[in-house]
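First the structure, in the form of C-alpha cells, and then the observations on it.
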Amino acid sequence: MLDTYFAPAKINLGLEVLYKRPDGYHEINTLFCRVTEPHDVVTVTRGGFFQLTCSDKALPTDQRNLMIRAAEGFSQQIGEALPHFHIHLEKNIPIGAGLGGGSSDAATMLQIMQDWHSSQLENNRQDTVTSILDRGALLNLAASLGADIPFFLSGSNAAQASGIGEKLRPLAIKLEATVLIVFDSDIQISTRDAYASLSPSEEPSAIDYFKFFQSAPPLAKWKEQFGNDFEPEIFRRFPQLAGIKHSLYTHGASFALMSGSGSSVYGLFEKREAAQNAKLFFEGKGQLAFLSSPSL
Numbered sequence: 000m001l002d003t004y005f006a007p008a009k010i011n012l013g014l015e016v017l018y019k020r021p022d023g024y025h026e027i028n029t030l031f032c033r034v035t036e037p038h039d040v041v042t043v044t045r046g047g048f049f050q051l052t053c054s055d056k057a058l059p060t061d062q063r064n065l066m067i068r069a070a071e072g073f074s075q076q077i078g079e080a081l082p083h084f085h086i087h088l089e090k091n092i093p094i095g096a097g098l099g100g101g102s103s104d105a106a107t108m109l110q111i112m113q114d115w116h117s118s119q120l121e122n123n124r125q126d127t128v129t130s131i132l133d134r135g136a137l138l139n140l141a142a143s144l145g146a147d148i149p150f151f152l153s154g155s156n157a158a159q160a161s162g163i164g165e166k167l168r169p170l171a172i173k174l175e176a177t178v179l180i181v182f183d184s185d186i187q188i189s190t191r192d193a194y195a196s197l198s199p200s201e202e203p204s205a206i207d208y209f210k211f212f213q214s215a216p217p218l219a220k221w222k223e224q225f226g227n228d229f230e231p232e233i234f235r236r237f238p239q240l241a242g243i244k245h246s247l248y249t250h251g252a253s254f255a256l257m258s259g260s261g262s263s264v265y266g267l268f269e270k271r272e273a274a275q276n277a278k279l280f281f282e283g284k285g286q287l288a289f290l291s292s293p294s295l
C-alpha cells in the first residue's frame, strides 16, 4: 500500500528579530505564508522495516535528519515501536533556502505517524495501542524539534509567529499575487551564523499583522512596512542576493524580500506574465526559480 503526502514550503512576509532571550534564543515576529511551489513529496510504503530514503543523496537519513527525530519522538510519546514503513522523500525544496523545507518534512512525518496511530485505534487495537496524542501534545512535540514545525503541522495557510517561531496566531489574508522564488545554490547561509551577526534594537517594535491586513495597502506599499532584519548583513556578505532582489523589482515585482535567513529571495507580482518572464531571466542566469502562489 502506498500513501502520498505533500510537504509545502513557506515564505516570510516580514521578519523582525526583536531581542535575544535569556535562554540564548532570539524573540522574533514574522508572518509565515505557505506557498504551492516548491514542495517535497513523501511516499509511504507499508511492510519491511522502518526506514527513510531520500532522492538527494547529500541529505542524511539517520538521526541527523529531522524526519527521523520526529518519528522517534512520536514513538516514544505513545510508547509504541516504529511502524514497518519505508518512507521516501522526494526533495524539491532547496536545502538552506529559508523556505522551511526541513521543518515541513518533519511536520509531514508527524502527520504520517499520527495517521498511522489513528488507524490502529480505529482497527480496535486498544489492547496494544495507547490513546492518540491530542493536538496540543503533538504541537508541543513539534516545537521541541524545531521552531517552524508547528506552523506546518497547524494546517494554517498563514500565521503570525512569535517566540522563536512556535507561538502561532492563524491569520486569514487575501493575497492576489503570483509568487516567484529565486534561489542561488552557490550561497550557503548558516541560520546560527545569521542570528549571531545581528544586533537587535534595544527598543524593539513589532508589526501587528492582524491590524495591517484589516486594511492592507497595495502591494507596492508593503516595502514601507515589511522588512527582513537579516537582509542588511546577509546582503553585505552576499551582494548577489541584493542583486536578485533588485532584479525582481526591475522585472515587475510589486514587493520583494529575502525569506527567513536566506538564501532565497521572492517577489510578489500582480501580473503573472511579468513573473513568468522574470523566471526565464533568472533561469538564464543559472539560478533556480519557482513560480508559485500563496496557499490561501
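Position 250 of the sequence shown, counting from 1, maps to 249 under numbering that gives the first Met the number 0, and the rest follow consecutively. Even for Gly, the Cβ is constructed at its ideal location relative to N, Cα and C.
- The DSSP assignment places complete beta strand (DSSP E) segments of no fewer than 3 residues inside the segment 152 to 235 at 157 to 161, 166 to 169, 177 to 182, in order along the chain.
- Per the DSSP secondary-structure output, residue 255 pairs in a beta bridge with 266.
- Residue range 100 to 121 is occupied by the alpha helix (DSSP H) that includes residue 116.
- Of the residues assessed, residue 57 falls on the exposed side of the cut-off, its CB having fewer than 16 other CB atoms within 10 angstroms.
- Spatial neighbours of residue 211 in its own chain (CB-CB distance under 8 Å, excluding positions within 5 residues in sequence) are listed in chain order as 224.
- Going by DSSP, residue 271 is part of the alpha helix (DSSP H) stretching over 271 to 283.
- The segment 259 to 275 makes no contact with the segment 70 to 86: fewer than 3 CB pairs, one atom from each, lie closer than 8 Å.
- For residue 82 and residue 153, the gap between their C-alpha atoms comes out near 23 Å.
- Put simply, the backbone Cα of residue 285 is about 11 Å away from that of residue 278.
- Where residue 33 is concerned, the enclosing beta strand (DSSP E) starts and stops at 25 to 45.
- Straight across, the Cα-Cα distance linking residue 164 with residue 47 is about 37 Å.
- Residue 169 sits close to residue 158, with the two beta carbons spaced by under 9 Å.
- As computed with DSSP, residue 133 is found in no beta bridge at all.
- If you ignore the 5 residues before and after residue 24, its C-beta comes within less than 6 Å of the C-beta of 163, all in its own chain and listed in chain order.
- With a beta-carbon spacing of about 10 Å, residue 17 and residue 29 fall beyond the 8 Å limit used to define contacts.
- Bounds of the beta strand (DSSP E) holding residue 9 are 1 to 19.
- Just measuring C-alpha positions, the residue of 80, 107, 174 sitting nearest residue 253 is 174.
- Looking from the CA of residue 183, the closest CA among 95, 51, 232, 291 belongs to 95.
- By the C-beta density criterion, residue 219 is exposed, having fewer than 16 other C-beta atoms within 10 angstroms.
- For residue 52, the beta-bridge partners assigned by DSSP are 87.
- Secondary structure note for residue 237: it is in no beta strand (DSSP E), with a DSSP letter that is neither H nor E.
- In the three-state scheme derived from DSSP, where H, G and I count as helix and E and B as strand, residue 149 is classed as helix.
- In this structure, DSSP gives residue 288 an extended state, which the three-state scheme calls strand.
- With 16 or more neighbouring CB atoms inside 10 Å of its own CB, residue 156 falls in the buried class.
- The Cβ atoms of residue 209 and residue 246 do not sit closer than 9 Å to each other.
- With a beta-carbon spacing of about 7 Å, residue 261 and residue 229 fall inside the 8 Å limit used to define contacts.
- Contact annotation, residue 256 with residue 227: C-beta distance approximately 5 Å; criterion of less than 8 Å satisfied.
- The alpha carbon of residue 181 has as its nearest neighbour, out of 107, 241, 222, the alpha carbon of 241.
- By the C-beta density criterion, residue 133 is exposed, having fewer than 16 other C-beta atoms within 10 angstroms.
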